[in-house]
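The next block holds one structure in the form of structure tokens; read it before the comments.
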Amino acid sequence: MAGSKDFVNRRIHSLLGVIPIGLFVVQHLVVNHFATKGAESFNAAAHFMESLPFRILLETFVIYLPILFHAVYGLYITFQANNNVSRYGYFRNTMFLVQRVTGVITLIFIAWHVWETRVQAALGAEVNFSMMADIFSSPFMIAFYLIGVLSAVFHFANGLWSFFVSWGLTVSPRSQKVSTYVTMGVFVALAIVSVRTIFAFI
Amino acid sequence: MSTKMVKFIITRQDNPETAPYLEEFEIPHRPNMNVISALMEIRRNPVNAKGEATTPVTWEMGCLEEVCGACSMVINGKPRQSCTALVDQLEQPIRLEPMKTFPVVRDLAIDRSRMFDALKRVKAWIPIDGTYDLGPGPRMPETKRQWAYELSKCMTCGVCLEACPNVNSKSDFIGPAPLSQVRLFNAHPTGAMNKEERLNAIMDDGGLAECGNSQNCVQSCPKGIPLTTSIAALNRDTTFQAFKNFFGSDR
Ligand code: HEM
Ligand code: SF4
Ligand code: FES
Chain A
12 MAGSKDFVNR
22 RIHSLLGVIP
32 IGLFVVQHLV
42 VNHFATKGAE
52 SFNAAAHFME
62 SLPFRILLET
72 FVIYLPILFH
82 AVYGLYITFQ
92 ANNNVSRYGY
102 FRNTMFLVQR
112 VTGVITLIFI
122 AWHVWETRVQ
132 AALGAEVNFS
142 MMADIFSSPF
152 MIAFYLIGVL
162 SAVFHFANGL
172 WSFFVSWGLT
182 VSPRSQKVST
192 YVTMGVFVAL
202 AIVSVRTIFA
212 FI
Chain B
433 MSTKMVKFII
443 TRQDNPETAP
453 YLEEFEIPHR
463 PNMNVISALM
473 EIRRNPVNAK
483 GEATTPVTWE
493 MGCLEEVCGA
503 CSMVINGKPR
513 QSCTALVDQL
523 EQPIRLEPMK
533 TFPVVRDLAI
543 DRSRMFDALK
553 RVKAWIPIDG
563 TYDLGPGPRM
573 PETKRQWAYE
583 LSKCMTCGVC
593 LEACPNVNSK
603 SDFIGPAPLS
613 QVRLFNAHPT
623 GAMNKEERLN
633 AIMDDGGLAE
643 CGNSQNCVQS
653 CPKGIPLTTS
663 IAALNRDTTF
673 QAFKNFFGSD
683 R
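So the protein sequences, as listed, match chains A and B.
For reference, each letter of the first sequence is one residue, going 12 to 213 in my numbering.
For reference, each letter of the second sequence is one residue, going 433 to 683 in my numbering.
Here you go:
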């Protein structure tokens, strides 16, 4: 074996967070951004994604299985920590806690979001602009989506920072500091993309 | 003139099985006193703040100059060495607690065996014994020696384990200190001959991968050891080691 069970699981968890889950999330947010160009653009983009060949295989191996593994193992990691930000209020320790909190929020959000869209599609509903506009007719759902999407985006951006450490790409304190700025830039950029998209439906 | 008093609130525990309780003490202030000299005063005259006779408070100490690590405890919420904790620099009442990450033996005395077990597990030494004189090893560049000296300052005090959110009873993480020692011994020209053994040891359960990058350790280490740099460097080394282990290597 390459290492022990824990070592391999942790490295797989880390890798999956970026490839493919992180890449999928970026792609998903960018495609949805077509909503800002109007219902027709969005529907065309969504239709194109829906009609990709081998759709179910792509979804299973690029989305479902990786997220399932990352989420289950992520919960295990989350509940193994005794968070102590009140005693050690350092920046990185705070990010450590936020990474875990946003992971759990993201899990709840993804479960609901998949139920509301992909499962409904499988049951015969059509996922399009008017379905999303319908969902966003409720102020509660707007808040729920804002919190859920921003959590996911933050979790991905800050996760990118720790991914670089976990694989030994950023070693020195200076490289880790630069990486903090770059990954927080990723967060801001993706946050703008996703918030613009949500408001395009309202 | 009435003497100035110093107030202490100490978390006490009679033995490893019994429940902890708080006891308050007020002792006369002396110039330049530290937490240990205050504990010595309590030992000389074990009477609590209510004026009741009590048992003297137990603690551990060795060097009294912050190089042995034995006297570590949680002082006003922060784990640190009590020998270098000057009373005049602490907010009163001064709260003393044992570092609960470790089994409490009695009062402030804890059992740090797990750290020494971890050092054995990761082979934190350089094997040089043979049946004949092997002669001098390769030389170490002076700049590297100076760098390695910083890592060698670790006194196994346990503060970094106490500060780490991932070192607790739910996890078997060995903590930052023994990991950084692997980097120290792997950097030594003779020690490097057993580099793979040590890397494989920290790739085992409870090892390196358990780190979640809270980076409290590097903020808390009294010796200023660059623990998180060591951990990231080992992450890089184990990335290569994992590929070598899996795919094989022609060295
Ligand atoms: C939108 C989906 C998600 C993405 C893109 C994602 C991405 C990432 C990335 C890139 C990392 C960094 C890996 C590393 O530290 O090397 C990470 C870490 C983590 N993720 Fe996720 N994640 C997602 C969902 C979740 C979910 C649903 C959970 C479970 C509650 C979760 C829990 C965690 C935890 C606990 C860590 C920290 C691991 C550590 O630092 O030790 N993630 N995630
Ligand atoms: S690394 Fe620092 S905090 Fe940790 S045991 Fe060694 S001296 Fe103490
Ligand atoms: S007595 Fe040795 S560090 Fe305090």
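All C-beta atoms, glycine included, are put in the ideal place defined by N, C-alpha and C.
{"query": "Same chain only: Cβ atoms within 7 Å of Cys500(B), ignoring 5 sequence neighbours per side", "result": "Gly494 and Met587"}
{"query": "Three-state class that DSSP yields for Thr671(B) in the structure shown", "result": "helix"}
{"query": "heavy atom of the ligand HEM below 7 Å from His166(A) C-beta", "result": "yes"}
{"query": "Contact set between Gly509(B) and chain A, taken where Cβ atoms lie within less than 8 Å", "result": "Arg98"}
{"query": "beta-carbon Ser646(B) near the ligand SF4 non-hydrogen atom, thresh 7 Å", "result": "no"}
{"query": "Near the ligand SF4: Gly569(B) beta-carbon under 7 Å from a heavy atom", "result": "no"}
{"query": "C-alpha gap between Asp637(B) and Ile606(B), whole angstroms", "result": "9 Å"}
{"query": "Alpha carbon of Ala580(B) to alpha carbon of Met437(B), nearest angstrom", "result": "44 Å"}
{"query": "Val112(A), DSSP secondary structure in three states", "result": "helix"}
{"query": "Close beta carbons around Gln647(B), own chain, < 7 Å, minus the five adjacent residues each side", "result": "Thr660"}
{"query": "Heavy atom of the ligand FES within 7 Å of Ala484(B) beta-carbon", "result": "Note that residue 484(B) is Glu in the sequence shown, not Ala. For the ligand FES, not one heavy atom lies less than 7 Å from the Cβ of Glu484(B)."}
{"query": "Interface residues of chain B facing Lys16(A) [CB-CB closer than 7 Å]", "result": "Asp637"}
{"query": "Contact set between Ala671(B) and chain A, taken where Cβ atoms lie within less than 7 Å", "result": "Note that residue 671(B) corresponds to Thr in the displayed sequence, not to Ala. Trp178 and Gly179, listed in chain order."}
{"query": "Contact residues within the stretch 603-619 of chain B, judged by C-beta distance below 7 Å to chain A", "result": "Ser603"}
{"query": "Coil, strand or helix - Ile542(B) by DSSP", "result": "strand"}
{"query": "Sequence-distant residues of the same chain with beta carbon closer than 7 Å to Ile32(A), five excluded per side", "result": "Pro77, Ile78 and His81"}
{"query": "Beta-ladder partner(s) of Arg476(B), from DSSP", "result": "BP columns for Arg476(B) are empty, so no partner."}
{"query": "Chain B contact residues for Ala46(A), given Cβ-Cβ distances below 9 Å", "result": "Near Ala46(A) there are no residues of chain B at all, since even the closest Cβ is about 35 Å away, more than 9 Å."}
{"query": "C-alpha gap between Pro478(B) and Pro597(B), whole angstroms", "result": "35 Å"}
{"query": "Proximity below 8 Å, CB of Phe18(A) to CB of Gly639(B)", "result": "yes"}
{"query": "Beta carbon proximity, Val182(A) to chain B, threshold 8 Å", "result": "yes"}
{"query": "is_contact[Glu642(B), chain A] using C-beta, thresh 8 Å", "result": "yes"}
{"query": "Beta-carbon proximity of Ala674(B) to Val182(A), cut-off 8 Å", "result": "no"}
{"query": "Partner residues on chain B for Ala168(A), Cβ-Cβ distance less than 7 Å", "result": "Here the premise fails: no neighbours, minimum Cβ distance about 14 Å."}
{"query": "Residue-chain proximity (Asn480(B), chain A), Cβ-Cβ < 8 Å", "result": "no"}
{"query": "Cβ pair count under 8 Å reaching 3, the stretch 156-165 of chain A against the stretch 110-117 of chain A", "result": "yes"}
{"query": "Complete alpha helix (DSSP H) runs within the stretch 42-130 of chain A (minimum length 4 residues, chain order)", "result": "50-61, 66-69, 76-91 and 102-125"}
{"query": "Closer than 7 Å at the beta carbon, the chain A residues around Thr661(B)", "result": "Val182, Ser183 and Pro184"}
{"query": "For Pro184(A) and Leu631(B), the rounded distance between their alpha carbons", "result": "22 Å"}
{"query": "Cβ pair Ser603(B), Gln91(A) closer than 8 Å", "result": "yes"}
{"query": "Buried/exposed call for Ala133(A), threshold 16 Cβ in 10 Å", "result": "exposed"}
{"query": "Same chain only: Cβ atoms within 6 Å of Met152(A), ignoring 5 sequence neighbours per side", "result": "Ile146"}
{"query": "Chain-ordered residues of the stretch 78-93 of chain A with a beta carbon less than 9 Å from chain B", "result": "Ile88, Phe90, Gln91, Ala92 and Asn93"}
{"query": "Near the ligand HEM: Ser177(A) beta-carbon under 7 Å from a heavy atom", "result": "yes"}
{"query": "Every unbroken beta strand (DSSP E) within the stretch 500-528 of chain B, with a cutoff of 3 residues, ordered by chain", "result": "504-507 and 510-513"}
{"query": "Per-residue burial, Phe210(A) [other beta carbons within 10 Å of its own, 16 or more giving buried]", "result": "exposed"}
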